[in-house]
Amino acid sequence: MQDVDVWRTHTPFSDPGVHVGAIAAFPAEIGRLIEIVQGVLVHSSWLDEYGLDAARFTAAVRTTLPVARRLDDILARDPQPLDVPRPPERRSIGTCRDYALMLCAFLRAKGVPARVRCGFAAYFRQGWEDHWVTEYRDARTESWRLADAQIDSMLRHRNRIVFDPADMPRKAFLTAGEAWLSFRRAEADPGAFGHGETTGSWFMKVNVLRDHHVLNGRETSDWDRWREAAPTRRSVRDDDLEMLDDLAAHPDQKLVALAPDWLD
């Protein structure tokens with residue numbers, strides 16, 4: 001593993017830019033930072049649950065923005081200080097990755113080593129759903145902990161979530177590499193892992209590559225374009241298995257510049 005101090009440094013996507021001063025005034029307690037994130041974002045897949053008309057929005061809201069641009073958008077919608085919670089209709093619309101990235105940015109701004117992780121959550125449906133969370137370093141225990149800034153009161157009530165979103169149990173979320181290795185050890189059914197109706201070892205491969213990119217400072221990559229892959233291209237070749245096993249076991253190794261095979 002790399003030196004944890006690496007994770008105090010912003011990437012181009014996590015850098016809050018001109019908003020760093022506003023973040024400096026935030027409390028350092030992670031639970032409070034999660035509340036601030038929840039007060040400015042609303043998830044594109046749950047608009048109905050927040051009383052918003054999903055038909056008014058387009059697929060463009062799935063685009064992950066750099067934190068500086070996301071904060072610009074939030075303030076353009078409502079110029080109140082960022083730590084003032086907005087009603088859902090005046091929040092910026094994003095996805096789980098935006099929640100994870102913003103919390104990561106806030107923690108880094110506070111000097112806490114933090115990073116975004118790609119993997120699968122067990123608290124959205126039966127099985128394991130594609131999801132992104134924040135992993136941060138606990139100075140007291142010198143260990144990595146998981147936090148999901150998306151878990152607000154609505155989601156907690158709807159999905160009967162009882163754990164602390166600032167300190168999630170590892171059994172609630174598997175990083176992409178952990179999921180892949182459990183499949184390779186024949187301990188898990190790959191059909192239980194995926195995004196909606198897209199499940200199986202091919203999607204697990206996509207997330208292994210996306211998590212590998214994140215741990216090389218790239219919160220987005222061409223692997224996010226997985227929806228473009230034709231059904232006939234959604235397979236894992238036998239000669240990729242050894243490479244994927246190695247990336248799953250050591251996701252923070254030097255970036256393997258592997259382009260998505262459906263783009264060739």
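Under UniProt numbering, the sequence shown has 241 at position 241, and the numbering climbs by one with no breaks. All C-beta atoms, glycine included, are put in the ideal place defined by N, C-alpha and C.
- Rounded to the nearest whole angstrom, the CA to CA distance from Q253 to D53 is 43 Å.
- Annotation: the stretch 61 to 133 contains the following complete segments of the beta strand (DSSP E) (minimum length 3 residues), in chain order: 92 to 94, 114 to 121.
- Contact check between the stretch 198 to 209 and the stretch 223 to 236: three or more CB pairs, one atom from each, fall below 8 Å, which counts as touching.
- Less than 9 Å divides the Cβ of L146 from the Cβ of R170.
- By the Cβ rule, the stretch 115 to 129 does not count as touching the stretch 16 to 28, because fewer than three pairs are nearer than 8 Å.
- Note on geometry: alpha-carbon atoms of V6 and S182 lie some 28 Å from one another.
- Contact check for V208 and L244: beta-carbon distance about 6 Å, within the 8 Å limit, so the pair qualifies.
- Taking a cut-off of 8 Å on C-beta distances, the stretch 8 to 16 touches the stretch 106 to 113, as three or more cross pairs fall below it.
- Between Q150 and A100, the alpha-carbon positions lie close to 8 Å from each other.
- Closest in C-alpha terms to P251, from the list H43, V206, R160, P27, comes V206.
- For A147, the uninterrupted beta strand (DSSP E) segment begins and ends at 143 to 147.
- Its Cα nearest to that of S44, the residue P88 stands out among R233, P88, T11, A139.
- In the structure shown, T9 falls within a coil segment according to DSSP collapsed to helix, strand and coil.
- Residues of the same chain with a CB within less than 6 Å of the CB of H10, apart from the 5 flanking positions on each side, are R108 in chain order.
- Within the same chain, Cβ atoms closer than 7 Å to the Cβ of A166 are found at I30, G31, I34, A147, the five residues on either side in sequence being excluded.
- Shown here for R210: same chain residues with a beta carbon closer than 8 Å to its own, the five before and five after excluded, namely C118, A176, S221, W223, D224 in chain order.
- Look at R32 here: in three-state DSSP terms it is helix.
- Residue R97 holds the alpha-carbon nearest to the alpha-carbon of T64 among Y50, R97, V42.
- As the crow flies, the alpha-carbon of I74 is around 30 Å from that of A172.
- Under the DSSP assignment, L209 falls in the alpha helix (DSSP H) whose first and last residues are 201 to 214.
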